[in-house]
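Chemist: In full-length UniProt numbering, the protein residues as written are 1 to 385.
The beta carbon of each residue, even a glycine, is placed where N, CA and C say it ideally should be.
Here it is, the structure in full.
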């Protein structure tokens, strides 16, 4: 579908370079949104911002009319570049080395976002769809809490959507399932005292440690398993307690990340952990639980016509079969299709590799340019079927 490309390879690379240069590190996505809004406008596509704050916003755009409605989703935020001295290049300057494009967000997921938008431009400029609509949902805050997709869901943008493609970095495979995620904070209240007189206080760490040992056993030794996603994971990732070494701590906190599966879903995790907290408190502890992020797992069967089309068209450019897979990281799909059934047409399919959140993140130049063509052909084939 080379003849349907409106932009040259150089121009497509320039768009990705511009996006990488915008430092949307867990914030400032509105700058990405405004850049894309201007780009779409230059090609006759109107769009609008859904502002969350002065620096954060979703971007919505739609071409075509009626059904089927295909939603295409990509997030505009990136994670911190981390240790700058570990990078071989400037993380906010897209750098081509031997066909690899280095930069923060090059894989996760500004290449996917750029390819989605460029494909939309190709289709609009050449009037390629006979019926149906393509709905762009560009989100803020995916890396921490999926807030942008939650806003789209709340405002009804998924209510009438017939299929969803998330352009996260799958490379030449299609993810049809992923784990859920929960962030939980446990706070234990005690009473401060001098460490030489512990009987005058109450050590907040002791009951919290006891609870975590019991929780590890309950969640890590379960026999519940998903054949594609594996077992639930339960990890204490942050622990704080005490002020100084010769004081009995009056407060201790633990933050926990849980990666859930359909067989041991978020509700079951909450129920079990609530039981453990109540049991500990019945013995004199004062522990409270706060679940401050909860995203469900996604499990579709991958048998839809949309997924089959993506496999067929993707294989042409990859020059090899495109498998369907299940992955562990969470995506915006948790918010967008949590209420859909297992047969819902869903594909996580986008340029990239296994370097997200790492130093020297990169995307293959050829793969990025190929995905512009894959998306253009796939969207047209699906809507014109």
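Report the rounded CA-to-CA distance for residue 457 versus residue 240, giving the unit in angstroms.
Modeler: Because the chain in this structure spans residues 1 to 385, residue 457 falls outside the shown range and cannot be described.
Chemist: Comparing C-alpha positions only, which one of 355, 179 and 307 sits nearest to residue 294?
Modeler: As a first step, residue 294 is located in the chain shown; it is residue number 294 there, counting from the start. Among 355, 179 and 307, the Cα nearest to that of residue 294 is on 179.
Chemist: Could I get the ranges of all uninterrupted alpha helix (DSSP H) runs contained in the region 292-362, with 4 residues as the minimum, in chain order?
Modeler: As far as the region 292-362 is concerned, its whole alpha helix (DSSP H) runs of at least 4 residues are 305-318 and 333-336.
Chemist: Taking the alpha helix (DSSP H) that residue 152 belongs to, which residues open and close that run?
Modeler: Along the chain shown, read from residue 1 onward, the residue named residue 152 stands at position 152. Start and end: 147-154.
Chemist: Could I get the ranges of all uninterrupted beta strand (DSSP E) runs contained in the region 132-193, with 3 residues as the minimum, in chain order?
Modeler: Whole beta strand (DSSP E) segments, 3+ residues: 132-139, 163-166, 174-178 and 180-189.
Chemist: What's the gap between the Cα of residue 37 and the Cα of residue 374?
Modeler: Counting from one through the chain shown, the residue named residue 37 turns up at place 37. Counting from one through the chain shown, the residue named residue 374 turns up at place 374. Distance between the alpha carbons of residue 37 and residue 374 is about 23 angstroms.
Chemist: I'd like to know whether the C-beta atoms of residue 69 and residue 162 end up nearer to each other than 7 angstroms.
Modeler: Working through the chain shown from its first residue, we reach residue 69 at position 69. Working through the chain shown from its first residue, we reach residue 162 at position 162. Against a cut-off of 7 angstroms, the Cβ pair of residue 162 and residue 69 comes out as a contact.
Chemist: With DSSP as the reference, label residue 112 as helix, strand or coil.
Modeler: For this step, residue 112 is matched to residue 112 along the chain shown. Looking at residue 112 - three-state DSSP - the assignment turns out to be helix.
Chemist: Looking at the structure shown, is residue 264 part of a helix, part of a strand, or coil, going by DSSP?
Modeler: Within the chain shown, the letter at position 264 stands for residue 264. In this structure, residue 264 counts as strand in the three-state DSSP scheme.
Chemist: Closer than 7 angstroms by C-beta to residue 376: which residues in its own chain qualify, once you throw out the five before and the five after it? Chain order, please.
Modeler: Here residue 376 is taken as the residue at index 376 of the chain shown, counted from 1. Taken in chain order, the residues that qualify are 1, 4, 119, 122 and 123.
Chemist: Cα-Cα, which of 76, 158, 94 and 385 is closest to residue 308?
Modeler: Numbered from its first residue, the chain shown carries residue 308 at position 308. Cα-wise, what sits closest to residue 308 is 385.
Chemist: Beta-carbon within less than 6 angstroms of residue 51's beta-carbon, same chain only, minus the 5 sequence neighbours each way: which residues are those?
Modeler: In the chain shown, residue 51 corresponds to position 51, counting from 1. Counting only Cβ-Cβ distances below 6 angstroms, and skipping sequence neighbours, we find 57.
Chemist: Quick check on residue 311: buried or exposed, where buried means 16 or more other Cβ atoms within 10 Å of its Cβ?
Modeler: By one-based count along the chain shown, residue 311 stands at place 311. Classification for residue 311: buried.
Chemist: CB residue 258 to CB residue 209, shorter than 7 angstroms?
Modeler: The sequence position of residue 258 within the chain shown is 258, counting from 1. The sequence position of residue 209 within the chain shown is 209, counting from 1. Result no, Cβ atoms of residue 258 and residue 209 do not sit closer than 7 angstroms.
Chemist: Contact check, residue 322 vs residue 174 under 8 angstroms by CB: the rounded distance?
Modeler: As a working note, residue 322 is residue 322 in the chain shown. As a working note, residue 174 is residue 174 in the chain shown. Their Cβ separation, rounded to whole angstroms, is 6 angstroms, which keeps residue 322 and residue 174 in contact under 8 angstroms.
Chemist: Give me, in chain order, the residues of the same chain whose beta-carbon lies closer than 7 angstroms to that of residue 48; leave out the 5 immediate sequence neighbours on both sides.
Modeler: As a first step, residue 48 must be located in the chain shown, where it is residue number 48. The answer, listed in chain order, is 60.
Chemist: Among 116, 96, 81 and 88, which has the Cα closest to the Cα of residue 104?
Modeler: As a working mapping, residue 104 is identified with position 104 in the chain shown. The residue with the shortest Cα to Cα distance from residue 104 is 81.
Chemist: Give a yes or no on contact between the region 338-348 and the region 184-203, applying the rule of three or more CB pairs nearer than 8 angstroms.
Modeler: The region 338-348 vs the region 184-203: no contact.
Chemist: State the DSSP-derived secondary structure class of residue 124, mapped to helix, strand or coil.
Modeler: Working through the chain shown from its first residue, we reach residue 124 at position 124. Correct three-state label for residue 124: helix.
Chemist: If you check the beta carbons only, do residue 145 and residue 139 fall under 7 angstroms apart?
Modeler: In the chain shown, residue 145 corresponds to position 145, counting from 1. In the chain shown, residue 139 corresponds to position 139, counting from 1. No.
Chemist: Can you list, in chain order, the residues of its chain with a C-beta nearer than 7 angstroms to that of residue 317? Leave out the 5 residues immediately preceding and following it.
Modeler: Along the chain shown, one-based indexing puts residue 317 at 317. Excluding residues within five positions, the ones whose Cβ falls inside 7 angstroms are 370, 373 and 374.
Chemist: With three or more C-beta pairs closer than 8 angstroms as the rule, is the region 270-288 touching the region 240-251?
Modeler: With the cut-off at 8 angstroms, the region 240-251 and the region 270-288 do not touch.
Chemist: With a threshold of 7 angstroms on Cβ separation, who are the neighbours of residue 360 within its own chain once the five nearest residues in sequence on each side are excluded?
Modeler: Translated into positions along the chain shown, residue 360 becomes position 360. Answer for residue 360: 87, 88 and 102, listed in chain order.
Chemist: Determine whether the beta carbon atoms of residue 262 and residue 231 lie at a separation below 7 angstroms.
Modeler: To locate residue 262, count along the chain shown from 1; it is residue 262. To locate residue 231, count along the chain shown from 1; it is residue 231. Taking 7 angstroms as the Cβ cut-off, residue 262 and residue 231 do not qualify as a contacting pair.
Chemist: Which term fits residue 363, buried or exposed, when burial requires 16 or more other beta carbons within 10 angstroms of its beta carbon?
Modeler: Taking the chain shown and counting its residues from 1, the one referred to as residue 363 is at position 363. By the 10 Å Cβ count, residue 363 comes out buried.
Chemist: Give the straight-line distance between the Cα atoms of residue 291 and residue 131, rounded to the nearest whole angstrom.
Modeler: To locate residue 291, count along the chain shown from 1; it is residue 291. To locate residue 131, count along the chain shown from 1; it is residue 131. Going from the Cα of residue 291 to the Cα of residue 131 covers about 43 angstroms.
Chemist: Is residue 367 buried or exposed, if buried means 16 or more other CB atoms sit within 10 Å of its CB?
Modeler: By 1-based counting over the chain shown, the position of residue 367 is 367. Buried, by the Cβ-count rule.
Chemist: Count the other CB atoms, across all protein chains shown, that sit within 10 Å of the CB of residue 220; report buried if there are 16 or more and exposed otherwise.
Modeler: As a first step, residue 220 must be located in the chain shown, where it is residue number 220. Exposed, since its Cβ has fewer than 16 Cβ neighbours within 10 Å.
Chemist: Grab me the residues of residue 150's own chain with a C-beta within less than 6 angstroms of its C-beta, minus the 5 sequence neighbours each way, in chain order.
Modeler: By 1-based counting over the chain shown, the position of residue 150 is 150. Contacts found: 335.
Chemist: Within the continuous beta strand (DSSP E) that includes residue 20, where are the two ends?
Modeler: Residue 20 sits at position 20 when you count from the first residue of the chain shown. Segment 9-21 is the alpha helix (DSSP H) holding residue 20; no beta strand (DSSP E) there.
Chemist: What does the alpha-carbon distance come out to for the pair residue 79 and residue 331?
Modeler: Here residue 79 refers to the residue found at position 79 of the chain shown. Here residue 331 refers to the residue found at position 331 of the chain shown. So the alpha carbons of these two residues sit roughly 14 angstroms apart.
Chemist: Could you name the residues of the same chain whose beta carbon sits closer than 6 angstroms to that of residue 365, not counting the 5 residues immediately before and after it, in chain order?
Modeler: On the chain shown, residue 365 is found 365 positions in, with the first residue counted as 1. Same-chain partners within the cutoff: 99 and 101.
Chemist: By Cβ distance, which residues of its chain are closer than 7 angstroms to residue 338, with the 5 residues on each side in sequence left out?
Modeler: Taking the chain shown and counting its residues from 1, one reaches residue 338 at position 338. Closer than 7 angstroms at Cβ, skipping near neighbours: 296.
Chemist: Roughly how many angstroms separate the alpha carbons of residue 184 and residue 303, rounded to a whole number?
Modeler: Indexing the chain shown from 1 puts residue 184 at position 184. Indexing the chain shown from 1 puts residue 303 at position 303. Their Cα atoms are separated by approximately 35 angstroms.
Chemist: Can you list, in chain order, the residues of its chain with a C-beta nearer than 7 angstroms to that of residue 177? Leave out the 5 residues immediately preceding and following it.
Modeler: In the chain shown, the residue the question calls residue 177 occupies position 177. Hits under 7 angstroms: 228, 229, 298, 299, 300 and 326.
Chemist: Going by DSSP in three states, residue 52 sits in which element: helix, strand or coil?
Modeler: Counting from one through the chain shown, the residue named residue 52 turns up at place 52. In the structure shown, residue 52 sits in coil (DSSP, three-state: anything other than H, G, I, E or B).
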